[in-house]
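Everything in the sequence shown is counted per numbering that gives the first Met the number 0, starting at 0 for the first residue and increasing by one. In this text, a Cβ means the ideal position worked out from N, Cα and C, and glycines have one as well.
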Amino acid sequence: MIKIKKVFLLLLLAVFMLFAFSGCADEQTEDPAAAGEGESITISGLPDGEIKITIDKIKALPAESGEAVSISSSGEESTVPFKGVALNTILEKHGSSLDDYTSVRLVAADGYSVEVPEDILRSKPFYLAYELHGGPIREKDRPLRVVIPDVRSLYWIKALAEVQLIAGGGSAVKSLYIFENTPAVAGAESAESDIDLKALLGIEEEGRVTIIAADGLVKKETLEAGKNYFISRTGEDAPEFYSPAIPTTMYVKKTAVLIHGDSAYLVVSALDAGEGKVSGELFLNLLERFLAEEGVVLHGGADDQRELAAEDLAGITFVLKGGGVVLQ
Numbered sequence: 000m001i002k003i004k005k006v007f008l009l010l011l012l013a014v015f016m017l018f019a020f021s022g023c024a025d026e027q028t029e030d031p032a033a034a035g036e037g038e039s040i041t042i043s044g045l046p047d048g049e050i051k052i053t054i055d056k057i058k059a060l061p062a063e064s065g066e067a068v069s070i071s072s073s074g075e076e077s078t079v080p081f082k083g084v085a086l087n088t089i090l091e092k093h094g095s096s097l098d099d100y101t102s103v104r105l106v107a108a109d110g111y112s113v114e115v116p117e118d119i120l121r122s123k124p125f126y127l128a129y130e131l132h133g134g135p136i137r138e139k140d141r142p143l144r145v146v147i148p149d150v151r152s153l154y155w156i157k158a159l160a161e162v163q164l165i166a167g168g169g170s171a172v173k174s175l176y177i178f179e180n181t182p183a184v185a186g187a188e189s190a191e192s193d194i195d196l197k198a199l200l201g202i203e204e205e206g207r208v209t210i211i212a213a214d215g216l217v218k219k220e221t222l223e224a225g226k227n228y229f230i231s232r233t234g235e236d237a238p239e240f241y242s243p244a245i246p247t248t249m250y251v252k253k254t255a256v257l258i259h260g261d262s263a264y265l266v267v268s269a270l271d272a273g274e275g276k277v278s279g280e281l282f283l284n285l286l287e288r289f290l291a292e293e294g295v296v297l298h299g300g301a302d303d304q305r306e307l308a309a310e311d312l313a314g315i316t317f318v319l320k321g322g323g324v325v326l327q
C-alpha cells in the first residue's frame, strides 16, 4: 500500500514538473530575431512624398553598432550599447539626406513628439536602433528607438512611429516682448490665471513655436488647430508650457523664452532666482543664436521701445514689479 502511494506521488510530481517546464518554455517562445516583424514606420517630407518602410527592410540595410551617451534632464550620463541603421542610410535611398532639412520631428506610438533642431542634425549622428544592450529592444519600446549620441534623452524617442522631415528655417528674431507686460498676460482675470498661448502669439489656427527653458533646453512645437496650449503661472514648474492635448512628457518646465515668427517673448519670472530682478545677459545666452544680426527692438512697454544691438541686451536689467516688469 505504501509502495503504491509512493508511485502515485512520484507520478503526480512528474506531471507537475512537466507542466512547470512547459510554462517556462511558453515564456521564451518569442523569437528575438522576429522582433519587429510586420511592423513599419512612416517617413514624411521626402522629395518623393511620404513612405512606409518595414522594420525588416531597415534591418536589411547596412547596420552600425557602438556605444552612445544619453544625458538626462538632471545632467546624468548613461552609456548605451546599440545596433541600428543611420537615418541618412534610409534617406539616401530616396535621393535625400539630413543636410536637406532644418529639423526632424519624431513621433512615438503614444503621441509623444519632439523636434530635433538643426544644430543637432548638423553635429551628431542619428540612428534608428533595433537592438540595445546587446539584444532586441523591449516590446513596449518597439519597433525602433532613436539614438543620438551626447544629447538630452528626450530626443531618444521610444516606440518610434513617424519621422517628419522639415525643410526651411524660421525667421531671425527682430522684436523682443516681455511676457509679463503683454496685454494677454497683464489683462488676465487674476495673477494666477494660466495664459492661452495661441491668444498671446496671435495664432488663430496652426502655428510653430520655439520654446526655450531656463536650463537651455530648446524645443520646437507645432500648435495644432483645434487644440489649446497654455503657460502656467503657478506651481513648482511654472511658468510651464502644457496642453491637455499632449502627453505630460512634452511639457516644458520653467519656460523662459517663446519664439514665434520674428518675435520672441521673454518670460522674466522663469529666470528670477528670488531677487525680483534678472540680468539681460541670461536672456542673451539663451537667445543669441536666434537674434537678427542687424539688431533687435526691445518692447519694454507701451511707451518704452529700444533699438539694440544683440550684445546690448546683456546690459539691461529686468525688474519684476507690481505684476509686470520694469527695465533698468
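Minimum Cβ-Cβ distance from residue i to chain C less than 7 Å
{"i": "residue 167", "result": "Any reference to chain C falls outside this structure, which holds one protein chain only."}
Residues near residue i by beta carbon distance below 6 Å, same chain, minus five either side
{"i": "residue 21", "result": "Residue confidence is low: residue 21 scores 33 on pLDDT, short of 50, so the model does not pin down where it sits. Its coordinate-derived value is still stated next. If we look at residue 21 and ignore the five residues flanking it on each side, it has no Cβ neighbours."}
{"i": "residue 94", "result": "46"}
{"i": "residue 244", "result": "226"}
{"i": "residue 259", "result": "200 and 208"}
{"i": "residue 125", "result": "86 and 147"}
Own chain, CB closer than 8 Å to residue i, minus 5 neighbours either side, in chain order
{"i": "residue 267", "result": "177, 178, 179, 277, 317, 319 and 324"}
{"i": "residue 322", "result": "179, 185 and 190"}
{"i": "residue 88", "result": "60 and 61"}
Between the CA atoms of residue j and residue i - distance to the nearest angstrom
{"i": "residue 173", "j": "residue 310", "result": "13 Å"}
{"i": "residue 98", "j": "residue 121", "result": "7 Å"}
{"i": "residue 214", "j": "residue 285", "result": "9 Å"}
{"i": "residue 68", "j": "residue 187", "result": "44 Å"}
{"i": "residue 288", "j": "residue 226", "result": "30 Å"}
{"i": "residue 328", "j": "residue 235", "result": "No answer is possible for residue 328: the residues shown for the chain start at 0 and end at 327."}
{"i": "residue 111", "j": "residue 166", "result": "21 Å"}
{"i": "residue 262", "j": "residue 128", "result": "38 Å"}
DSSP state of residue i mapped onto helix, strand, coil
{"i": "residue 57", "result": "helix"}
{"i": "residue 178", "result": "helix"}
{"i": "residue 76", "result": "strand"}
{"i": "residue 108", "result": "coil"}
{"i": "residue 302", "result": "coil"}
Beta-ladder partner(s) of residue i, from DSSP
{"i": "residue 81", "result": "65 and 131"}
{"i": "residue 42", "result": "50 and 162"}
{"i": "residue 126", "result": "85 and 146"}
{"i": "residue 70", "result": "76 and 151"}
{"i": "residue 324", "result": "319"}
{"i": "residue 167", "result": "Per DSSP, none; premise fails for residue 167."}
{"i": "residue 120", "result": "Paired residue(s): none; residue 120 is not in a bridge."}
Same chain, Cβ closer than 7 Å to residue i, neighbours up to 5 away in sequence not counted
{"i": "residue 212", "result": "251, 252, 253, 254 and 255"}
{"i": "residue 205", "result": "221, 222, 223 and 224"}
{"i": "residue 306", "result": "294 and 296"}
{"i": "residue 64", "result": "81 and 82"}
### Task
Report the residue ranges of all beta strand (DSSP E) runs contained in full by the stretch 259-294; include only those spanning at least 3 residues, in chain order.
262-265 and 276-278
### Query
For the stretch 188-259, which segments carrying the alpha helix (DSSP H) assignment without a break, of at least 4 residues, lie completely within its bounds, in sequence order?
196-200
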